[in-house]
Amino acid sequence: MVTTAAERQIALDFWTAQLDDTTTLLAHPGSHHKLLVRHAFELCKAQTVSSKDLSDMLELADGALAYAIEAQLDLVDSDGADQ
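In terms of this note's numbering, the sequence shown opens at residue 269 and continues consecutively.
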């Protein structure tokens with residue numbers, strides 16, 4: 269399947285919008301991460317993105333998950349400090 273530059277950009281913009289959805293990320297970090305990873309692999313399988321792009325996307329998804337987990341831990345710590 270040949271993907272045009274415009275189609276590639278639309279797909280990347282959509283994926284990036286999902287990555288930037290901090291509301292969903294913080295509410296459901298595991299599910300959100302799984303969605304990002306699955307979508308990234310689908311884009312690579314469809315040859316919309318390269319394997320290097322896939323690697324970068326997976327790294328970003330992992331970073332988002334780490335951020336969400338740390339944010340949740342910070343909430344637990346701040347709740348415990350009030351008691």
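Built from N, CA and C at the ideal position, the CB exists for glycine as well. Keep in mind it's a predicted model, so treat the numbers as computed, not measured.
**OP:** Specify whether the segment 282-290 and the segment 307-319 touch according to this definition: at least 3 beta carbon pairs, one from each stretch, less than 8 Å apart.
**Re:** yes
Original post:
So L293 packs on H300, CB below 8 Å; how close in whole Å?
Top reply: 5 Å
Original post:
Helix, strand or coil: which one does DSSP assign to H296?
Top reply: coil
Subject >> C-alpha distance - K320 paired with K313, whole-angstrom precision >> reply: 13 Å
Subject >> Rounded C-alpha distance that separates P297 from L328 >> reply: 13 Å
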